[in-house]
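Here's the structure we're looking at; comments come further down.
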Amino acid sequence: MDQLVASPCSNPEMPLEDVLAAYSEIGFRKFEVFTSWVGSAFDIDADPQGYLGVGGRRGMSFTSLHLPPVTDDLETSIARAVRAAEFARALGVGVVLYKADSRDNYVKAAGAVLDAAERLHLTAVIQNHAGTAISTGEDVRAVLRGVGDERLKALLEVGHFHSVGISWREGCELMAGRIALVHIKDQIGPQSVPFGTGEIDLPGLFEHMRSTGYQGDYVVEMEVTDRENTLRYLTDAVEYIRANCL
885 MDQLVASPCS NPEMPLEDVL AAYSEIGFRK FEVFTSWVGS AFDIDADPQG
935 YLGVGGRRGM SFTSLHLPPV TDDLETSIAR AVRAAEFARA LGVGVVLYKA
985 DSRDNYVKAA GAVLDAAERL HLTAVIQNHA GTAISTGEDV RAVLRGVGDE
1035 RLKALLEVGH FHSVGISWRE GCELMAGRIA LVHIKDQIGP QSVPFGTGEI
1085 DLPGLFEHMR STGYQGDYVV EMEVTDRENT LRYLTDAVEY IRANCL
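Here the sequence shown stands for residues 885 to 1130, numbered as in our numbering.
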């Protein structure tokens, strides 16, 4: 379980105390922090000690955090992203997800965000995500090439690559030498399904990542249609990964 991280996207309706309790009961000890849209979102202007206390009571640490996106209001949005990175460092986070609303803004803001991440001893990653500025393989190539800074790493978002017809193997090739975090789902087409019932070769993914020397985290995500069964499916997912992937 050391490499497995729970994601609040699986139960976006749950407040923080409830989601940490549920995921801790399943066996997770790591949690990815969202800063918007989910019921467990963290407020980057709040005292991080409060969140550390909540996590500590459930035996949970915080390992990665989604920065607020950079927008055309570059000065203000970069300042918020940097503020969020400082908040992440105070939580003990090691990886921050760098986001922007366009490929151009990724490139324009990268220097400031990467400088802040370096100062704070954080790893900044870009994330492929269907329907965003980085959806396709060409988007990944364009942003990495446009930024042109080896400090910028990548998050291999297995499910969202699958949703746009890109296999995790192709994703690994696109992001070769850059992968610092992996998000995993099983899917049929674009639809999340219980682990082991879909089209994604998760055992093969783990084997491949080990062969590359990857020792980072795998964030487990579940966005099934029958959401009332999510916690049971997450329990099953952990058992599936333990038996077939680790």
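A virtual CB, placed ideally from N, CA and C, is assigned to each residue, including glycine. These numbers were taken from a predicted model, which means no experiment stands behind them.
Using a 10 angstroms sphere on the CB of ALA930, the tally of other CB atoms stays under 16, which defines it as exposed. Under the three-pair Cβ rule at 8 angstroms, the stretch 989-998 counts as touching the stretch 949-957. The Cβ atoms of ALA1008 and TYR982 sit closer than 7 angstroms to each other. Rounded to the nearest whole angstrom, the C-alpha separation of THR1016 and ALA1026 is 14 angstroms. Judged by their CB atoms, MET1106 and TYR1117 are nearer to each other than the 7 angstroms cut-off. DSSP places PHE971 in the uninterrupted alpha helix (DSSP H) bounded by 958-975. The C-beta distance from ILE1084 to ASP1070 rounds to 5 angstroms, short enough to fall under 8 angstroms. Under the three-state reduction of DSSP output, GLN1099 falls in the coil class, being neither helix nor strand. Excluding residues up to 5 positions away in sequence, ALA969, GLU970, ARG973 lie with their Cβ nearer than 7 angstroms to the Cβ of LEU1004 in the same chain. Note on SER961: 16 or more other CB atoms within 10 angstroms of its CB, so buried under the neighbour-count rule. With respect to the 7 angstroms criterion, ARG1053 and ALA1038 are not classified as neighbours on the basis of their beta carbons.
By the neighbour-count definition (other C-beta atoms within 10 Å, threshold 16), THR1114 is a buried residue. Between HIS950 and VAL917, the beta carbon gap of about 7 angstroms places them in contact (Cβ cut-off 8 angstroms). In the three-state scheme derived from DSSP, where H, G and I count as helix and E and B as strand, SER908 is classed as helix. Pairing LEU888 with TYR1102 gives a Cβ-Cβ distance under 7 angstroms. Restricted to the stretch 1021-1071, the alpha helix (DSSP H) segments that are unbroken, complete and at least 4 residues in length are 1021-1031, 1042-1047, 1052-1058, listed in chain order. Nearest to CYS1056 by alpha-carbon distance, out of GLY939, ARG1035, SER1095, is SER1095. For LEU900, same chain residues with a beta-carbon under 7 angstroms away, outside a window of 5 residues either side, are SER924, VAL938 in chain order.
The beta-carbon separation of SER1076 and VAL1024, rounded to 21 angstroms, does not stay under the 8 angstroms limit for a contact. Between CYS1129 and PRO1078, the gap from beta carbon to beta carbon reaches 7 angstroms or more. Exposed is the label assigned to PRO1074, since fewer than 16 other Cβ atoms lie within 10 Å of its Cβ.
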